[in-house]
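Peer 1: The structure that follows is given in the form of structure tokens.
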Ligand SMILES: Cc1ncc(C[n+]2csc(CCOP(=O)(O)OP(=O)(O)O)c2C)c(N)n1
Ligand code: SF4
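Residue numbers (my numbering), protein chains in the order written: chain C, 4 to 419; chain X, 3 to 345.
Written out as structure tokens, the structure is:
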């Protein structure tokens, strides 16, 4: 099928991942951007400040004094009916933590770019996913992108997903620090009008019936229809409100699939089914799951190995929250061994996606052997030869029919 | 149906597309008849609490459409409990330390929406209500940021001089020697050992357009100052004195009397700072400056509050003296700075 905007009608630009995000925000009719600098996210704030300084956007840019205030200001802006965006990484995300829960619980469709970076201490500016994993229970939708093109595409999609009346949850778009944020890549951007049409123009605030007003009103801070946001809510209602968040999360995959397809019709680009993207899984004995930019390396190694007749495949998890239990069970069920790559660890436990996948497969009668690979902490590189060795190890596990060593570490001294 | 509901609930509703310019009125009877306050009956603040009186008076100075932001604290907790609310205007509570940042976001959103023709009003005011904990301490950074960035927000501090919502713990706003549950008057330590942070002066140091102090006893002064704060273009800060009978240990019927004593002893002077004009004493404090004999000893303020009861013991005479010296020093400082103080 021909896309509405063939490549010839798209704008080709050489940008890094941060700039790709900034351009996406610029096109998305965002009312308020509140952000604070932190490596490797800073370029987003700088680039956006340029747009503001040059009068290229109507957006109110709030150069807040902390990330806590960045998220707080986004909550205020979104509650007023505005489209709001912020971006951060690592320590900045950790500082936002309290307000992440509030943003999600107030059902505010804020979009946040997380440029993944290792958490302190020791202080480190490079990529891992420990920052993102710290917010996985906060009630946000979490998407992980593989390259800068996807960072651009996904940032725009994120507003659609967040604002969908079936969803009304904030979205975090994760891109790997430095590997994506600071690396030049050719990307194709849609014309402004295409993006605006895709988003349906400015944010439309959803309506709900309010009994003391006796009618349906927009859910926002509106002098015409006074509502109270963020009241005290104790044991008699809190649980029901949490149930609403739980139910909203269930509706997310369908919306993400739909948005992924619509974007495909518009741009010719899609990312698997929007939830997971697979390669070589159909007949694979060994499948590796991975998040983010490492998927590129793993896929290229898998391709090479498949050419040599090795039955290996890869699943990139694009949507981490809500976690795609059903999709992963379906795609992993016939593998003999699944290697789960995690760029973060829950100390005293396993990697975060290992725990989830373990749960996803628990219902199967005969389930693949699972091995967790912790890799790339603090930005440690994962070159192809290391990935190939991991596949070889997993093929050995397949041959042996199991392993006692469920938790392994890739590319760390004294263990390799 | 909806009209009756509105009447019943006493909401303040502002129609889109109309311009509102509610005049400043200082006739209380007329105000009571013609204006709806932003806070409605049914809240669960303690009897005798000054906070709702401050909110009520402040809202009588509103110009038109107004959005309120409330930091976590007594006022927030006791005016809402799902599915109920005491607020007749749009109101948001985000967290404890971020009322100023939340207000910054609201103000920015209003600007962006106005710029794109989506606001529906000529002007919407943004007003914060926050306690001393949410202002002097945990919220100071966000407040300073809001002030430095110049957001057009009126920030009203209701200062009950401790963390009351969590059960009377000391804050940066607690005065010397006051008993709180984290600065108890013990055998060795006689209550809080530090001075009160000069929060309003800190806001003056930000050189925002308007800073003032007020008490609900001096209601006309308070209403006027709220209006000035709203009219100031940019951030304004109002430090209101908010006696808490629960935490200060006094009878519920002397809240207003305590405000008077706070001003009469010069413990809580009434002043405003206008950029370009400097410090100006107002109301009763100006009278006292002109006629220093009216200044009462600090004992008059202390003796009606259980939180200071240890200061009245004979062996603690020196502490009361120290407190007097502290109050005098702060007052003298102010007299030197106030451009309308007699010289
Ligand atoms: C980050 C955070 N820390 C602590 C608390 C607990 N807490 C809630 S209200 C409050 C005290 C509020 O004191 P103040 O701002 O003086 O207002 P008041 O209750 O006295 O009116 C505290 C400590 C909280 N809600 N959030
Ligand atoms: S504890 Fe104090 S501040 Fe809180 S509601 Fe009671 S009187 Fe008011």
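By construction, the Cβ of each residue, glycine as well, lies at the ideal position given by its N, Cα and C atoms.
At what residues does the alpha helix (DSSP H) containing residue 263 of chain C begin and finish?
Peer 2: Translated into positions along the first chain, residue 263 of chain C becomes position 260. Run containing residue 263 of chain C: 255-270, per the alpha helix (DSSP H) assignment.
Peer 1: Could you compute how far the alpha carbon of residue 102 of chain X sits from the alpha carbon of residue 391 of chain C?
Peer 2: As a position in the second chain, residue 102 of chain X is number 100, starting the count at 1. As a position in the first chain, residue 391 of chain C is number 388, starting the count at 1. Rounded to the nearest angstrom, the two C-alpha atoms are 53 Å apart.
Peer 1: Rounded to the nearest angstrom, what separates residue 245 of chain C and residue 142 of chain C at their Cα positions?
Peer 2: Within the first chain, residue 245 of chain C is the residue found at index 242, counting from 1. Within the first chain, residue 142 of chain C is the residue found at index 139, counting from 1. Taking the straight line joining both Cα atoms gives about 10 Å.
Peer 1: If residue 174 of chain C and residue 165 of chain C are in contact, beta carbons under 8 Å, what's the gap, nearest whole angstrom?
Peer 2: Reading the first chain from its first residue, position 171 is the one you call residue 174 of chain C. Reading the first chain from its first residue, position 162 is the one you call residue 165 of chain C. Yes, residue 174 of chain C and residue 165 of chain C are in contact; Cβ-Cβ is about 5 Å, under 8 Å.
Peer 1: Between which residues of its own chain and residue 398 of chain C is the CB-CB distance below 8 Å, once the five residues before and five after are set aside?
Peer 2: Counting from one through the first chain, the residue named residue 398 of chain C turns up at place 395. Contacts found: 288, 289, 313, 315, 340.
Peer 1: 9 Å is my cut-off, CB to CB: does residue 150 of chain X come that close to chain C?
Peer 2: Locating residue 150 of chain X in the second chain gives position 148, where the first residue counts as 1. By this cut-off, residue 150 of chain X is an interface position.
Peer 1: Buried or exposed for residue 135 of chain X, going by 16 or more other Cβ atoms inside 10 Å?
Peer 2: As a position in the second chain, residue 135 of chain X is number 133, starting the count at 1. Label assigned to residue 135 of chain X: buried.
Peer 1: To the nearest angstrom, report how far apart residue 44 of chain C and residue 98 of chain C are at their CA atoms.
Peer 2: Locating residue 44 of chain C in the first chain gives position 41, where the first residue counts as 1. Locating residue 98 of chain C in the first chain gives position 95, where the first residue counts as 1. Approximately 15 Å between the Cα atoms of the pair.
Peer 1: With distances taken between CB atoms, is the gap from residue 321 of chain C to residue 148 of chain C smaller than 9 Å?
Peer 2: Counting from one through the first chain, the residue named residue 321 of chain C turns up at place 318. Counting from one through the first chain, the residue named residue 148 of chain C turns up at place 145. Contact: yes.
Peer 1: Could you tell me which residues DSSP pairs with residue 273 of chain X in its beta bridges?
Peer 2: What you label residue 273 of chain X is simply residue 271 of the second chain in a count that begins at 1. According to DSSP, residue 273 of chain X bridges with X/283.
Peer 1: Are there 16 or more other CB atoms within 10 angstroms of the CB of residue 327 of chain X, so buried, or fewer, so exposed?
Peer 2: Here the question's residue 327 of chain X lines up with position 325 in the second chain. The residue in question, residue 327 of chain X, is exposed, as its Cβ has fewer than 16 Cβ neighbours within 10 Å.
Peer 1: Are residue 256 of chain C and residue 355 of chain C touching if we call contact CB-CB under 9 Å?
Peer 2: Stepping through the first chain from its first residue, residue 256 of chain C is reached at position 253. Stepping through the first chain from its first residue, residue 355 of chain C is reached at position 352. Contact flag unset, no.
Peer 1: Tell me which same chain residues have a C-beta within less than 6 Å of the C-beta of residue 1 of chain X, skipping the five on either side of it?
Peer 2: Chain X is shown from 3 up to 345; residue 1 of chain X falls before or after that span and cannot be answered.
Peer 1: Which residues share a DSSP beta bridge with residue 182 of chain X?
Peer 2: Numbered from its first residue, the second chain carries residue 182 of chain X at position 180. Bridge partners of residue 182 of chain X: X/185.
Peer 1: With distance defined between alpha-carbon atoms, name the residue in C/109, C/70, C/350 nearest to residue 99 of chain X.
Peer 2: Translated into the one-based positions of the second chain, residue 99 of chain X becomes position 97. Among C/109, C/70, C/350, the Cα nearest to that of residue 99 of chain X is on C/70.
Peer 1: Under the three-state reduction of DSSP, which class applies to residue 238 of chain X: helix, strand or coil?
Peer 2: Your numbering for residue 238 of chain X matches position 236 in the second chain. Three-state DSSP puts residue 238 of chain X in a strand.
Peer 1: Is the segment 187-194 of chain X in contact with the segment 125-141 of chain X, if contact means three or more CB pairs nearer than 8 Å?
Peer 2: Touching, no, given that fewer than three Cβ pairs across the two stretches are closer than 8 Å.
Peer 1: Going by C-alpha distance, which of X/70, X/320, X/11, X/54 is nearest residue 226 of chain C?
Peer 2: Residue mapping note: residue 226 of chain C aligns to position 223 of the first chain, counting from 1. The option with the nearest alpha carbon to residue 226 of chain C is X/70.
Peer 1: Closest by CA to residue 20 of chain C, which one among C/191, C/154, C/366, C/66?
Peer 2: Here residue 20 of chain C is taken as the residue at index 17 of the first chain, counted from 1. Cα-wise, what sits closest to residue 20 of chain C is C/154.
Peer 1: Is residue 79 of chain X near ligand 1, with its Cβ less than 8 Å from a heavy atom?
Peer 2: One-based indexing of the second chain puts residue 79 of chain X at position 77. The answer is yes for residue 79 of chain X.
Peer 1: Just checking residue 140 of chain X against ligand 1 - is the residue's beta carbon closer than 8 Å to any of the ligand's heavy atoms?
Peer 2: For the purposes of this step, residue 140 of chain X is taken as residue 138 along the second chain, with counting starting at 1. Yes - ligand 1 has a heavy atom lying nearer than 8 Å to the Cβ of residue 140 of chain X.
Peer 1: For residue 160 of chain X, count neighbouring Cβ atoms within 10 angstroms of its own Cβ and tell me buried if that reaches 16, exposed if not.
Peer 2: Here residue 160 of chain X refers to the residue found at position 158 of the second chain. Buried, because 16 or more other Cβ atoms sit within 10 Å of the Cβ of residue 160 of chain X.
Peer 1: Is it buried or exposed, residue 194 of chain X, if we count other Cβ atoms within 10 angstroms and call 16 or more buried?
Peer 2: The sequence position of residue 194 of chain X within the second chain is 192, counting from 1. Per the 10 Å Cβ criterion, buried.
Peer 1: Regarding residue 180 of chain X and ligand 2, is the C-beta to nearest heavy atom distance less than 8 Å?
Peer 2: Start at 1 with the first residue of the second chain, and residue 180 of chain X comes out as number 178. Not so, every heavy atom of ligand 2 lies at least 8 Å from the Cβ.
Peer 1: Could you compute how far the alpha carbon of residue 277 of chain X sits from the alpha carbon of residue 214 of chain X?
Peer 2: Locating residue 277 of chain X in the second chain gives position 275, counting from the first residue. Locating residue 214 of chain X in the second chain gives position 212, counting from the first residue. Computed Cα separation, rounded: 11 Å.
Peer 1: CA-CA distance, residue 213 of chain C and residue 59 of chain C?
Peer 2: Here residue 213 of chain C corresponds to residue number 210 of the first chain, with the count starting at 1. Here residue 59 of chain C corresponds to residue number 56 of the first chain, with the count starting at 1. Cα to Cα, the separation comes out at about 39 Å.
Peer 1: Helix, strand or coil for residue 70 of chain X per DSSP?
Peer 2: By one-based count along the second chain, residue 70 of chain X stands at place 68. Reduced to three states, the DSSP call for residue 70 of chain X is strand.
Peer 1: Closer than 8 Å to a non-hydrogen atom of ligand 2 - does that hold for the CB of residue 244 of chain X?
Peer 2: Working through the second chain from its first residue, we reach residue 244 of chain X at position 242. Yes, Cβ of residue 244 of chain X sits closer than 8 Å to a heavy atom of ligand 2.
Peer 1: Can you give the Cα-Cα distance for residue 318 of chain C and residue 366 of chain C, rounded to whole angstroms?
Peer 2: Locating residue 318 of chain C in the first chain gives position 315, counting from the first residue. Locating residue 366 of chain C in the first chain gives position 363, counting from the first residue. If you take the alpha carbons of residue 318 of chain C and residue 366 of chain C, they lie about 20 Å apart.
Peer 1: State the start and end residues of the unbroken alpha helix (DSSP H) segment that holds residue 71 of chain C.
Peer 2: Numbered from its first residue, the first chain carries residue 71 of chain C at position 68. Where residue 71 of chain C is concerned, the enclosing alpha helix (DSSP H) stretches over 70-82.
Peer 1: Where does residue 3 of chain X sit, in a helix, a strand or coil, going by DSSP?
Peer 2: Translated into the one-based positions of the second chain, residue 3 of chain X becomes position 1. Here the model assigns residue 3 of chain X a pLDDT of 41, short of 50, so the residue's position is not dependable, and the following value carries that caveat. If DSSP states are grouped into helix, strand and coil, residue 3 of chain X belongs with coil.
Peer 1: For residue 123 of chain C, which residues in the same chain have their Cβ closer than 8 Å to its Cβ, ignoring the five residues on either side in sequence?
Peer 2: As a first step, residue 123 of chain C must be located in the first chain, where it is residue number 120. Contacts found: 93, 94.
Peer 1: Hey, would you say the C-beta of residue 132 of chain X is under 8 Å away from at least one heavy atom of ligand 1?
Peer 2: For this step, residue 132 of chain X is matched to residue 130 along the second chain. Flag set: Cβ of residue 132 of chain X near ligand 1.
Peer 1: Does the beta-carbon distance from residue 47 of chain C to residue 116 of chain C come in below 9 Å?
Peer 2: On the first chain, residue 47 of chain C is found 44 positions in, with the first residue counted as 1. On the first chain, residue 116 of chain C is found 113 positions in, with the first residue counted as 1. Closer than 9 Å, so yes.
Peer 1: Around the C-beta of residue 191 of chain X, are 16 or more other C-beta atoms found within 10 angstroms, so that it is buried, or is it exposed?
Peer 2: Taking the second chain and counting its residues from 1, the one referred to as residue 191 of chain X is at position 189. Exposed: under 16 other Cβ atoms inside 10 Å.
Peer 1: Identify every residue that forms a DSSP beta bridge with residue 211 of chain C.
Peer 2: In the first chain, residue 211 of chain C corresponds to position 208, counting from 1. The partner list for residue 211 of chain C (beta bridge, DSSP) reads C/220.
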